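In our numbering, the protein residues as written are 37 to 540. Here is the structure we will look at.
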Amino acid sequence: MRAITSMAGKELRALFQSQVAVLFLALFIVANNLTFFVVSRFFARNLADLTPMFEWLPISLIVLVSAVAMRAWAEEEKSGTLEVLLTLPVRTMDLVLGKFLAGMALVAIALATTLPLAFTVAMVGPLDWGPVIGGYLGAMLLAGAYLSIGLCISARTDNQVVALMGTVAVGGLLYLIGTDGVVALLGSSNGQIAAAIGTGSRFESIARGVVDLRDIAYYASLTTFFLVLNGYFLDRRRIDPQGRGQQRLAALRLLVLLTAANALALDVWMHPVRFLRVDLTENQDYTISDVTAGILRELDEPLRIQGIFSERSHPKLQPLAPQLAALLEEYAIVGGDRVTTEILDPSGDDDLADLLEQEFGVRPVPMPVADRNETRIVNSWFHVLLRYGDKHAVVAFNDLVEVEQTDGDFDVRLRDPEYDITKAIKRVTQDFATTESLVAKLPAGSKLLLYATPATLDEMMTANLGVMRKVAGELAAMGDALTFEQIDPSADPAVAERIAGEYG
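This is how it looks when you write it as structure tokens:
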């Protein structure tokens with residue numbers, strides 16, 4: 037442990053002495069504030085949260101971490117000090133972990149410079165600290181994954197620029213894989229795999245305040261693998277490939293393969309585990325109630341939930357759409373295979389807009405946007421469409437959003453979306469009932485009686501009788517509550533007299 041901390045202290049001092057740390061910290065602070073206040077238009081959103089900052093962190097951390105990692109081993113190689121390090125009586129992994137801790141310390145300092153932003157937002161409005169804590173936790177996990185990749189690439193070159201560009205390329209690729217555009221392009225099944233691999237898509241859940249053990253396991257496995265691979269690259273230089281050294285290198289290669297296999301197995305094994313998660317939000321915004329969970333468990337048919345949001349929407353609606361989309365995803369998590377969710381944007385698709393209007397009566401809501409010189413109207417889509425069997429229900433804008441008029445302006449906020457969506461699900465499931473569900477609800481001992489006289493029926497009626505027997509038998513086979521019996525009244529005059537009196 038002493039070797040690790042000693043290496044970390046040496047590396048951290050070197051970072052600040054080279055001015056690299058100071059330069060990139062300054063650039064990080066400027067870029068972070070620019071994206072928060074200008075690009076994401078914080079004041080136009082009219083919402084006290086740090087979502088704009090956390091939305092950009094997966095990208096800005098790629099650049100920051102790449103700059104930190106680029107000199108870690110590349111400069112040691114170029115200056116000739118790497119050979120000295122490798123001859124010291126220190127384990128290779130201690131050297132790697134020392135470099136890693138130094139880089140993580142610098143990232144922690146960079147993130148600490150954003151804390152005044154959080155306190156400023158808290159003074160402007162009621163800030164929910166749950167997503168803030170989750171966002172910083174996710175940022176450290178994400179930075180750890182990027183840093184382990186950067187150290188690994190830096191160990192393969194003596195050129196810091198090559199190390200920088202390589203880390204940006206690999207980190208950028210892992211981020212892009214999980215973006216909405218790539219996921220939509222790959223389709224349903226492949227898109228789910230891409231979202232599970234993407235570093236940014238994993239970060240979204242933690243940043244909104246939901247800490248999922250699957251996401252922690254993903255970042256931990258990714259970081260561990262690249263740290264082990266980094267150690268292998270250094271040991272290749274440290275160990276004589278002749279004689280017993282060849283056996284040790286073979287053992288190290290096996291260690292890398294086993295680490296990769298275990299990391300992959302852990303992520304695959306954890307993928308269906310959806311209940312090991314903590315909702316850090318103050319009002320448990322992403323925790324589905326027991327009532328809703330019970331309704332979802334009782335579904336007999338697949339439920340399709342489609343969030344209809346426009347990207348080019350009113351500025352005050354834009355921050356609400358991700359919140360509602362995240363809630364819909366919670367429905368899919370609780371509902372399992374019975375519930376699927378999808379986000380649609382009809383603003384750039386006229387065919388989709390026509391389909392939604394003609395078949396489901398869904399239309400955009402015109403909302404005024406005041407610019408400096410004029411007031412214009414923006415058509416905003418903000419609805420939830422539920423489809424269950426051949427039935428559907430729409431939770432419209434007025435059900436989801438509460439509009440409060442102020443002096444010459446208005447504020448919008450979500451009402452109680454879970455209540456309205458669950459109420460609509462209950463309604464649409466009651467409107468649609470399958471044959472199986474109807475039979476299942478029959479009281480025990482129910483009978484289905486078929487009165488027929490086969491000997492007196494013509495050919496057509498005999499064929500119809502066969503169909504009726506088949507259908508009745510299938511109904512009786514659907515459950516224990518219903519039994520089927522065919523009775524021939526001509527064989528028993530008392531039966532014929534009774535049904536004539538009771539049924540005419």
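Backbone N, C-alpha and C define an ideal beta-carbon position, used for all residues, glycine too. Just so it is clear, the structure is predicted and the values come from calculations on it, not from any experiment.
Handout entry: Three-way DSSP call (helix, strand, coil) for F79 in this model
Key = Residue mapping note: residue 79 aligns to position 43 of the sequence shown, counting from 1. Of the three classes helix, strand and coil, the one that applies to F79 here is helix, per DSSP.
Handout entry: Alpha carbon of V304 to alpha carbon of T215, nearest angstrom
Key = Counting from 1 along the sequence shown, the entry for residue 304 is found at position 268. Counting from 1 along the sequence shown, the entry for residue 215 is found at position 179. Spanning the two alpha carbons is a distance of roughly 20 Å.
Practice task
With DSSP collapsed to three states, give me the class of G343.
Solution key: Position 307 of the sequence shown, counted from the first residue, corresponds to residue 343. Three-state result, G343: strand.
Practice task
Work out the CA separation of S349 and G371 for me, nearest whole Å.
Solution key: Against the sequence shown, residue 371 aligns to sequence position 335. Against the sequence shown, residue 349 aligns to sequence position 313. If I take the Cα positions, the gap works out to 30 Å.
Handout entry: Any 3 or more C-beta pairs closer than 8 Å across the region 149-160 and the region 84-98
Key = yes
Exercise for the section: Express the C-alpha separation of T492 and L484 in angstroms, rounding to a whole number. Expected result: Translated into positions along the sequence shown, residue 484 becomes position 448. Translated into positions along the sequence shown, residue 492 becomes position 456. L484 and T492: Cα-Cα distance of roughly 22 Å.
Handout entry: Local Cβ density within 10 Å of T150, reported as buried at 16 or more and exposed below that
Key = The residue labelled residue 150 in the question sits at position 114 within the sequence shown. With 16 or more Cβ atoms within 10 Å of its Cβ, T150 is classed as buried.
Problem - 3-residue-minimum beta strand (DSSP E) runs that sit fully inside the region 209-252, ordered along the chain - result: 246-248
Handout entry: Limits of the unbroken beta strand (DSSP E) element including D315
Key = Reading the sequence shown from its first residue, position 279 is the one you call residue 315. Segment R313 to D315, the beta strand (DSSP E) holding D315.
Practice task
Take the Cβ of Y268 as the centre, count every other Cβ of all protein chains shown within 10 Å, and call the residue buried at 16 or more, exposed below.
Solution key: Residue mapping note: residue 268 aligns to position 232 of the sequence shown, counting from 1. With 16 or more other Cβ atoms within 10 Å, it is buried.
Exercise for the section: Taking only the alpha-carbon atoms, compute the straight-line gap between L312 and L222 and give it to the nearest angstrom. Expected result: One-based indexing of the sequence shown puts residue 312 at position 276. One-based indexing of the sequence shown puts residue 222 at position 186. Using only the alpha carbons, I get a separation of about 28 Å.
Problem - For F396, the nearest candidate out of P351, I344 and N500 (CA to CA) - result: Stepping through the sequence shown from its first residue, residue 396 is reached at position 360. When each option's Cα is compared against that of F396, the closest is I344.
Problem - Where the beta strand (DSSP E) containing Q320 begins and where it ends - result: For the purposes of this step, residue 320 is identified with residue 284 of the sequence shown, where counting begins at 1. From DSSP, Q320 is part of no beta strand (DSSP E); its letter is neither H nor E.
Handout entry: Beta-carbon proximity of V101 to A179, cut-off 9 Å
Key = Here residue 101 refers to the residue found at position 65 of the sequence shown. Here residue 179 refers to the residue found at position 143 of the sequence shown. For V101 and A179, yes; Cβs fall inside 9 Å.
Exercise for the section: Give me the Cα-Cα distance between V104 and L183, rounded to the nearest whole angstrom. Expected result: Along the sequence shown, read from residue 1 onward, the residue named residue 104 stands at position 68. Along the sequence shown, read from residue 1 onward, the residue named residue 183 stands at position 147. If I take the Cα positions, the gap works out to 8 Å.
Problem - For T489, three-class secondary structure by DSSP - result: By 1-based counting over the sequence shown, the position of residue 489 is 453. In the structure shown, T489 sits in coil (DSSP, three-state: anything other than H, G, I, E or B).
Handout entry: Beta-carbon gap between T235 and M106 smaller than 9 Å
Key = Here residue 235 is taken as the residue at index 199 of the sequence shown, counted from 1. Here residue 106 is taken as the residue at index 70 of the sequence shown, counted from 1. Result no, Cβ atoms of T235 and M106 do not sit closer than 9 Å.
Problem - I40 - containing alpha helix (DSSP H), residue span - result: As a working mapping, residue 40 is identified with position 4 in the sequence shown. Element bounds for I40: R38 to Q53.
Problem - Residue from D315, P338, L363 and P94 whose Cα sits closest to the Cα of I457 - result: To locate residue 457, count along the sequence shown from 1; it is residue 421. I457 has its Cα closest to that of L363, out of D315, P338, L363 and P94.
Practice task
Just grab the DSSP bridge partners of D447 for me.
Solution key: Within the sequence shown, residue 447 is the residue found at index 411, counting from 1. Beta-bridge pairing links D447 to E440.
Problem - L210 and V218 closer than 9 Å at C-beta - result: Taking the sequence shown and counting its residues from 1, one reaches residue 210 at position 174. Taking the sequence shown and counting its residues from 1, one reaches residue 218 at position 182. In this structure, V218 does not lie closer than 9 Å to L210 by Cβ.
Exercise for the section: Out of M37, A175 and L302, point me to the one whose CA is closest to T128's CA. Expected result: One-based indexing of the sequence shown puts residue 128 at position 92. Ranking M37, A175 and L302 by Cα distance to T128 puts M37 first.
Practice task
Measure the Cβ-Cβ separation of A44 and G134 and say whether it is below 9 Å.
Solution key: Here residue 44 refers to the residue found at position 8 when the sequence shown is read from its first residue. Here residue 134 refers to the residue found at position 98 when the sequence shown is read from its first residue. Taking 9 Å as the Cβ cut-off, A44 and G134 qualify as a contacting pair.
Exercise for the section: Might you give, ordered along the chain, the residues of its own chain that have their beta carbon closer than 8 Å to the beta carbon of E393, omitting 5 neighbours on each side? Expected result: One-based indexing of the sequence shown puts residue 393 at position 357. Only R399 meet the Cβ criterion.
Exercise for the section: Alpha carbon to alpha carbon, how far is S416 from A432? Give it in angstroms, no decimals. Expected result: Indexing the sequence shown from 1 puts residue 432 at position 396. Indexing the sequence shown from 1 puts residue 416 at position 380. The alpha-carbon atoms of A432 and S416 are separated by roughly 12 Å.
Problem - Anticipated Cβ contact below 8 Å, D85 with L163, distance rounded - result: Your numbering for residue 85 matches position 49 in the sequence shown. Your numbering for residue 163 matches position 127 in the sequence shown. So it is a contact: roughly 7 Å between Cβ atoms.
Problem - N-terminal and C-terminal residue of the alpha helix (DSSP H) that I155 is part of - result: One-based indexing of the sequence shown puts residue 155 at position 119. Looking at the sequence shown, residue 155 is not Ile but Phe. Its alpha helix (DSSP H) spans residues L151 to V160.
Problem - Environment of S257 [buried if 16+ CB atoms lie within 10 Å] - result: Mapped onto the sequence shown, residue 257 falls at position 221. Its Cβ being crowded by 16 or more others within 10 Å, S257 is buried.
Problem - Of the residues N500, A480 and G425, the one placed nearest R463, counting alpha carbons only - result: Reading the sequence shown from its first residue, position 427 is the one you call residue 463. Comparing Cα positions, the closest option is G425.
Exercise for the section: Sort L391, H419, R310 and F468 by Cα distance to K427 and report the nearest one. Expected result: For the purposes of this step, residue 427 is identified with residue 391 of the sequence shown, where counting begins at 1. Looking at the Cα atoms, F468 is the closest of the given residues.
Exercise for the section: Sort out for me which residues DSSP pairs H428 with in a bridge. Expected result: Here residue 428 refers to the residue found at position 392 of the sequence shown. Paired residue(s): R423.
Problem - Rounded straight-line distance, which links the Cα of P525 to that of V503 - result: Here residue 503 corresponds to residue number 467 of the sequence shown, with the count starting at 1. Here residue 525 corresponds to residue number 489 of the sequence shown, with the count starting at 1. Looking at the two C-alpha atoms, the distance is approximately 20 Å.
Exercise for the section: Would you list the residues sitting across from F520 in a DSSP beta bridge? Expected result: Translated into positions along the sequence shown, residue 520 becomes position 484. Answer by DSSP bridge pairing, in chain order: L484.
Practice task
Just mark F239 as buried or exposed, buried being the case when its beta carbon has 16 or more other beta carbons within 10 Å.
Solution key: Start at 1 with the first residue of the sequence shown, and residue 239 comes out as number 203. It counts as buried.
Handout entry: Which listed residue (A181, A460, E440 and A517) has its alpha carbon closest to that of H419
Key = Translated into the one-based positions of the sequence shown, residue 419 becomes position 383. Nearest option by C-alpha distance: A460.
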